[in-house]
Amino acid sequence: MDTNIADKLAQLLQIQEMDIQLDNIIKLGGSLPEEVRALEEHIKKLYKEIVNNEGLLSSLQEEIAQKKAFTKQVEKKIQQYESQQMEVRNNREYDIITKELELQQLDIQLAEKFLRTAYGKIDQITLDTEELKKILQTKEKEILTKQQELTLILQANEAESSLLQQKREVLVMELEELLYLNYERIRKSVQNKLAVVSLRKGGCGGCCIVIPPQQKLEIYERNKIVYCEHCGRMLIALEKPTDPSLFVS
413 MDTNIADKLA QLLQIQEMDI QLDNIIKLGG SLPEEVRALE EHIKKLYKEI
463 VNNEGLLSSL QEEIAQKKAF TKQVEKKIQQ YESQQMEVRN NREYDIITKE
513 LELQQLDIQL AEKFLRTAYG KIDQITLDTE ELKKILQTKE KEILTKQQEL
563 TLILQANEAE SSLLQQKREV LVMELEELLY LNYERIRKSV QNKLAVVSLR
613 KGGCGGCCIV IPPQQKLEIY ERNKIVYCEH CGRMLIALEK PTDPSLFVS
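By the count of our numbering, the sequence shown reaches residue 661 at its end, each step adding exactly one.
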(Lines of atoms letter the chains of each structure in order from A and count residues from 1; the text may use other names and numbers.)
(Lines give C-alpha, C1' and ligand atoms only; values in the text may rest on other atoms or scores of the structure.)
Protein backbone atom coordinates (compact mmCIF):
# COMPACT_ATOMS: atom_id res chain seq x y z
CA MET A 1 0.00 0.00 0.00
CA ASP A 2 1.26 3.44 -0.94
CA THR A 3 0.93 5.43 2.30
CA ASN A 4 1.02 8.66 0.30
CA ILE A 5 -2.08 7.60 -1.68
CA ALA A 6 -3.76 6.41 1.53
CA ASP A 7 -3.08 9.81 3.13
CA LYS A 8 -4.47 11.65 0.09
CA LEU A 9 -7.64 9.57 0.17
CA ALA A 10 -8.00 10.21 3.90
CA GLN A 11 -7.60 13.95 3.31
CA LEU A 12 -10.16 13.89 0.52
CA LEU A 13 -12.60 12.10 2.81
CA GLN A 14 -12.08 14.75 5.49
CA ILE A 15 -12.60 17.57 2.97
CA GLN A 16 -15.74 15.84 1.70
CA GLU A 17 -17.09 15.47 5.24
CA MET A 18 -16.51 19.19 5.84
CA ASP A 19 -18.22 20.02 2.54
CA ILE A 20 -21.22 17.94 3.63
CA GLN A 21 -21.38 19.88 6.91
CA LEU A 22 -21.06 23.23 5.11
CA ASP A 23 -23.83 22.23 2.70
CA ASN A 24 -26.02 21.26 5.65
CA ILE A 25 -25.47 24.69 7.23
CA ILE A 26 -26.61 26.33 4.00
CA LYS A 27 -29.63 23.99 3.91
CA LEU A 28 -30.67 25.25 7.36
CA GLY A 29 -31.97 28.29 5.53
CA GLY A 30 -34.33 25.93 3.70
CA SER A 31 -35.91 27.60 0.71
CA LEU A 32 -35.16 31.09 2.08
CA PRO A 33 -32.15 31.82 -0.19
CA GLU A 34 -34.17 30.86 -3.27
CA GLU A 35 -37.18 32.85 -2.04
CA VAL A 36 -35.01 35.93 -1.47
CA ARG A 37 -33.53 35.64 -4.98
CA ALA A 38 -37.02 35.25 -6.50
CA LEU A 39 -38.26 38.31 -4.60
CA GLU A 40 -35.25 40.34 -5.74
CA GLU A 41 -36.07 39.51 -9.36
CA HIS A 42 -39.76 40.34 -8.83
CA ILE A 43 -38.88 43.68 -7.23
CA LYS A 44 -36.55 44.55 -10.13
CA LYS A 45 -39.39 43.85 -12.59
CA LEU A 46 -41.82 45.97 -10.57
CA TYR A 47 -39.37 48.89 -10.48
CA LYS A 48 -38.88 48.57 -14.23
CA GLU A 49 -42.65 48.59 -14.88
CA ILE A 50 -43.17 51.60 -12.62
CA VAL A 51 -40.35 53.56 -14.29
CA ASN A 52 -41.74 52.61 -17.71
CA ASN A 53 -45.25 53.74 -16.73
CA GLU A 54 -43.93 57.03 -15.36
CA GLY A 55 -42.13 57.56 -18.67
CA LEU A 56 -45.38 56.92 -20.57
CA LEU A 57 -47.25 59.38 -18.33
CA SER A 58 -44.60 62.03 -18.91
CA SER A 59 -44.78 61.52 -22.69
CA LEU A 60 -48.58 61.67 -22.71
CA GLN A 61 -48.63 64.85 -20.62
CA GLU A 62 -46.14 66.43 -23.01
CA GLU A 63 -48.27 65.45 -26.01
CA ILE A 64 -51.38 66.82 -24.30
CA ALA A 65 -49.63 70.16 -23.67
CA GLN A 66 -48.58 70.31 -27.33
CA LYS A 67 -52.08 69.42 -28.51
CA LYS A 68 -53.65 72.09 -26.28
CA ALA A 69 -51.25 74.70 -27.64
CA PHE A 70 -52.11 73.59 -31.17
CA THR A 71 -55.85 73.83 -30.36
CA LYS A 72 -55.46 77.43 -29.14
CA GLN A 73 -53.71 78.35 -32.37
CA VAL A 74 -56.52 76.75 -34.40
CA GLU A 75 -59.18 78.56 -32.34
CA LYS A 76 -57.47 81.88 -33.10
CA LYS A 77 -57.48 81.04 -36.80
CA ILE A 78 -61.19 80.17 -36.62
CA GLN A 79 -61.93 83.56 -35.03
CA GLN A 80 -59.95 85.27 -37.78
CA TYR A 81 -61.75 83.35 -40.52
CA GLU A 82 -65.13 84.10 -38.94
CA SER A 83 -64.28 87.82 -38.90
CA GLN A 84 -63.16 87.65 -42.53
CA GLN A 85 -66.34 85.81 -43.46
CA MET A 86 -68.36 88.80 -42.31
CA GLU A 87 -66.46 91.06 -44.71
CA VAL A 88 -66.48 89.01 -47.93
CA ARG A 89 -67.60 90.73 -51.10
CA ASN A 90 -68.52 87.73 -53.23
CA ASN A 91 -69.54 84.07 -53.06
CA ARG A 92 -66.14 82.83 -54.16
CA GLU A 93 -64.39 84.43 -51.18
CA TYR A 94 -67.15 83.19 -48.88
CA ASP A 95 -66.74 79.58 -50.10
CA ILE A 96 -62.94 79.68 -49.67
CA ILE A 97 -63.21 80.93 -46.09
CA THR A 98 -66.01 78.46 -45.31
CA LYS A 99 -63.80 75.58 -46.49
CA GLU A 100 -60.91 76.80 -44.33
CA LEU A 101 -63.24 77.03 -41.34
CA GLU A 102 -64.38 73.45 -41.90
CA LEU A 103 -60.75 72.24 -42.03
CA GLN A 104 -59.86 74.10 -38.84
CA GLN A 105 -62.97 72.75 -37.07
CA LEU A 106 -61.98 69.23 -38.16
CA ASP A 107 -58.54 69.81 -36.60
CA ILE A 108 -60.30 70.83 -33.37
CA GLN A 109 -62.44 67.68 -33.41
CA LEU A 110 -59.39 65.45 -33.99
CA ALA A 111 -57.50 67.23 -31.21
CA GLU A 112 -60.43 66.75 -28.81
CA LYS A 113 -60.59 63.07 -29.71
CA PHE A 114 -56.85 62.73 -29.09
CA LEU A 115 -57.18 64.48 -25.72
CA ARG A 116 -60.05 62.22 -24.60
CA THR A 117 -58.01 59.12 -25.51
CA ALA A 118 -54.85 60.50 -23.87
CA TYR A 119 -56.67 61.38 -20.63
CA GLY A 120 -58.19 57.88 -20.60
CA LYS A 121 -54.72 56.35 -20.99
CA ILE A 122 -53.37 58.57 -18.21
CA ASP A 123 -56.16 57.46 -15.86
CA GLN A 124 -55.50 53.77 -16.61
CA ILE A 125 -51.71 54.02 -16.38
CA THR A 126 -52.02 55.99 -13.13
CA LEU A 127 -54.25 53.27 -11.64
CA ASP A 128 -51.87 50.54 -12.84
CA THR A 129 -48.87 52.39 -11.39
CA GLU A 130 -50.57 52.86 -8.02
CA GLU A 131 -51.34 49.12 -7.94
CA LEU A 132 -47.73 48.27 -8.86
CA LYS A 133 -46.46 50.54 -6.08
CA LYS A 134 -48.71 48.78 -3.55
CA ILE A 135 -47.40 45.39 -4.70
CA LEU A 136 -43.83 46.73 -4.55
CA GLN A 137 -44.34 47.96 -1.00
CA THR A 138 -45.65 44.53 0.03
CA LYS A 139 -42.78 42.69 -1.67
CA GLU A 140 -40.17 45.00 -0.10
CA LYS A 141 -41.57 44.24 3.36
CA GLU A 142 -41.62 40.53 2.52
CA ILE A 143 -38.01 40.44 1.31
CA LEU A 144 -36.84 42.40 4.36
CA THR A 145 -38.45 39.83 6.66
CA LYS A 146 -36.95 36.89 4.77
CA GLN A 147 -33.50 38.53 4.62
CA GLN A 148 -33.59 39.07 8.38
CA GLU A 149 -34.58 35.42 8.94
CA LEU A 150 -31.78 34.22 6.67
CA THR A 151 -29.23 36.50 8.35
CA LEU A 152 -30.18 35.15 11.78
CA ILE A 153 -29.76 31.56 10.57
CA LEU A 154 -26.38 32.28 8.97
CA GLN A 155 -25.15 34.26 11.98
CA ALA A 156 -26.13 31.42 14.33
CA ASN A 157 -23.88 29.05 12.35
CA GLU A 158 -21.20 31.56 11.34
CA ALA A 159 -18.62 30.37 13.89
CA GLU A 160 -19.02 26.71 12.94
CA SER A 161 -18.94 27.53 9.23
CA SER A 162 -15.81 29.69 9.62
CA LEU A 163 -13.98 26.97 11.57
CA LEU A 164 -14.86 24.34 8.97
CA GLN A 165 -13.67 26.62 6.17
CA GLN A 166 -10.34 27.20 7.91
CA LYS A 167 -9.74 23.48 8.52
CA ARG A 168 -10.75 22.73 4.94
CA GLU A 169 -8.31 25.29 3.54
CA VAL A 170 -5.43 23.69 5.49
CA LEU A 171 -6.23 20.26 4.04
CA VAL A 172 -6.65 21.64 0.51
CA MET A 173 -3.22 23.32 0.70
CA GLU A 174 -1.65 19.92 1.46
CA LEU A 175 -3.23 18.24 -1.58
CA GLU A 176 -1.92 18.22 -5.13
CA GLU A 177 -3.76 20.90 -7.10
CA LEU A 178 -4.79 18.51 -9.90
CA LEU A 179 -6.23 16.00 -7.43
CA TYR A 180 -8.22 18.72 -5.67
CA LEU A 181 -9.50 20.09 -8.98
CA ASN A 182 -10.62 16.56 -9.92
CA TYR A 183 -12.44 16.30 -6.59
CA GLU A 184 -14.25 19.62 -7.18
CA ARG A 185 -15.10 18.71 -10.78
CA ILE A 186 -16.61 15.36 -9.75
CA ARG A 187 -18.45 16.90 -6.80
CA LYS A 188 -20.13 19.45 -9.06
CA SER A 189 -21.06 16.87 -11.69
CA VAL A 190 -22.78 14.26 -9.47
CA GLN A 191 -26.23 14.66 -7.95
CA ASN A 192 -25.40 13.90 -4.31
CA LYS A 193 -22.13 15.91 -4.43
CA LEU A 194 -20.09 12.91 -3.21
CA ALA A 195 -16.84 12.72 -5.16
CA VAL A 196 -15.27 9.99 -2.98
CA VAL A 197 -17.28 6.84 -2.26
CA SER A 198 -16.52 3.45 -0.75
CA LEU A 199 -17.14 0.01 -2.17
CA ARG A 200 -20.51 -1.46 -1.22
CA LYS A 201 -21.15 -5.14 -1.79
CA GLY A 202 -18.56 -5.18 -4.54
CA GLY A 203 -20.04 -2.17 -6.31
CA CYS A 204 -19.50 1.59 -6.53
CA GLY A 205 -21.01 3.35 -3.53
CA GLY A 206 -22.15 6.14 -5.82
CA CYS A 207 -23.78 4.53 -8.84
CA CYS A 208 -23.93 0.88 -7.55
CA ILE A 209 -22.35 -0.54 -10.71
CA VAL A 210 -20.34 -3.75 -10.11
CA ILE A 211 -16.59 -3.15 -9.99
CA PRO A 212 -14.34 -5.64 -11.91
CA PRO A 213 -12.14 -7.89 -9.70
CA GLN A 214 -8.84 -6.38 -10.87
CA GLN A 215 -10.09 -2.87 -10.13
CA LYS A 216 -11.30 -3.98 -6.69
CA LEU A 217 -7.82 -5.26 -5.94
CA GLU A 218 -6.31 -1.92 -6.96
CA ILE A 219 -8.77 -0.11 -4.69
CA TYR A 220 -7.85 -2.26 -1.68
CA GLU A 221 -4.12 -2.00 -2.38
CA ARG A 222 -4.32 1.81 -2.47
CA ASN A 223 -1.32 2.17 -4.76
CA LYS A 224 -3.17 4.67 -6.95
CA ILE A 225 -6.40 6.67 -7.10
CA VAL A 226 -9.06 4.50 -8.75
CA TYR A 227 -12.06 6.06 -10.52
CA CYS A 228 -15.40 4.39 -11.23
CA GLU A 229 -15.56 3.77 -14.97
CA HIS A 230 -19.31 4.50 -14.96
CA CYS A 231 -19.86 7.63 -12.81
CA GLY A 232 -16.28 8.90 -12.50
CA ARG A 233 -16.22 9.03 -8.69
CA MET A 234 -13.06 8.23 -6.71
CA LEU A 235 -13.30 4.80 -5.12
CA ILE A 236 -11.94 3.75 -1.73
CA ALA A 237 -12.12 0.69 0.50
CA LEU A 238 -12.60 1.48 4.14
CA GLU A 239 -11.28 -1.91 5.27
CA LYS A 240 -9.65 -5.04 3.84
CA PRO A 241 -12.23 -7.63 2.76
CA THR A 242 -12.32 -10.96 4.52
CA ASP A 243 -14.36 -12.66 1.80
CA PRO A 244 -12.15 -13.73 -1.18
CA SER A 245 -15.30 -14.11 -3.29
CA LEU A 246 -15.46 -10.30 -3.54
CA PHE A 247 -12.67 -10.54 -6.09
CA VAL A 248 -14.52 -13.08 -8.22
CA SER A 249 -16.59 -11.64 -11.07
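The beta-carbon is built from N, C-alpha and C at its ideal position, and this holds for glycine as well.
Cβ neighbour criterion (16 or more within 10 Å) applied to residue i
i           : result
residue 609 : buried
residue 430 : buried
residue 438 : exposed
residue 641 : exposed
residue 509 : buried
residue 506 : exposed
residue 607 : buried
Sub-8 angstroms separation of residue i and residue j beta-carbons
i           : j           : result
residue 551 : residue 427 : no
residue 462 : residue 522 : no
residue 628 : residue 614 : yes
residue 631 : residue 611 : yes
residue 586 : residue 423 : yes
residue 451 : residue 554 : yes
residue 472 : residue 534 : yes
Rounded distance between the beta-carbons of residue j and residue i, thought under 8 angstroms
i           : j           : result
residue 529 : residue 469 : Not a contact, Cβ separation roughly 14 angstroms.
residue 434 : residue 591 : Contact flag wrong, Cβ pair sits at about 20 angstroms.
residue 479 : residue 526 : 6 angstroms
residue 623 : residue 421 : About 16 angstroms; that fails the 8 angstroms criterion.
Rounded straight-line distance, which links the Cα of residue j to that of residue i
i           : j           : result
residue 593 : residue 644 : 14 angstroms
residue 657 : residue 634 : Because residue 657 sits at a pLDDT of 48, beneath the cut-off of 50, its placement in the model cannot be relied upon, and the point is left open.
residue 417 : residue 570 : 33 angstroms
residue 498 : residue 492 : 10 angstroms
residue 600 : residue 460 : 35 angstroms
residue 474 : residue 482 : 12 angstroms
residue 597 : residue 532 : 59 angstroms
residue 565 : residue 444 : 10 angstroms
residue 548 : residue 442 : 24 angstroms
residue 542 : residue 580 : 52 angstroms
residue 573 : residue 436 : 10 angstroms
residue 625 : residue 639 : 14 angstroms
residue 495 : residue 504 : 16 angstroms
residue 357 : residue 619 : Residue numbering for the chain in the displayed model covers 413 to 661; residue 357 lies beyond these limits and cannot be assessed.
residue 512 : residue 476 : 24 angstroms
residue 446 : residue 603 : 19 angstroms
residue 582 : residue 557 : 37 angstroms
residue 464 : residue 449 : 23 angstroms
residue 650 : residue 432 : 19 angstroms
residue 419 : residue 578 : 19 angstroms
residue 425 : residue 595 : 10 angstroms
residue 646 : residue 567 : 34 angstroms
residue 457 : residue 546 : 14 angstroms
Next on the checklist: With three or more C-beta pairs closer than 8 angstroms as the rule, is the region 558–569 touching the region 461–478?
Outcome noted: no
Next on the checklist: Does the contact criterion of 3 or more C-beta pairs under 8 angstroms hold for the region 485–494 versus the region 506–518?
Outcome noted: yes
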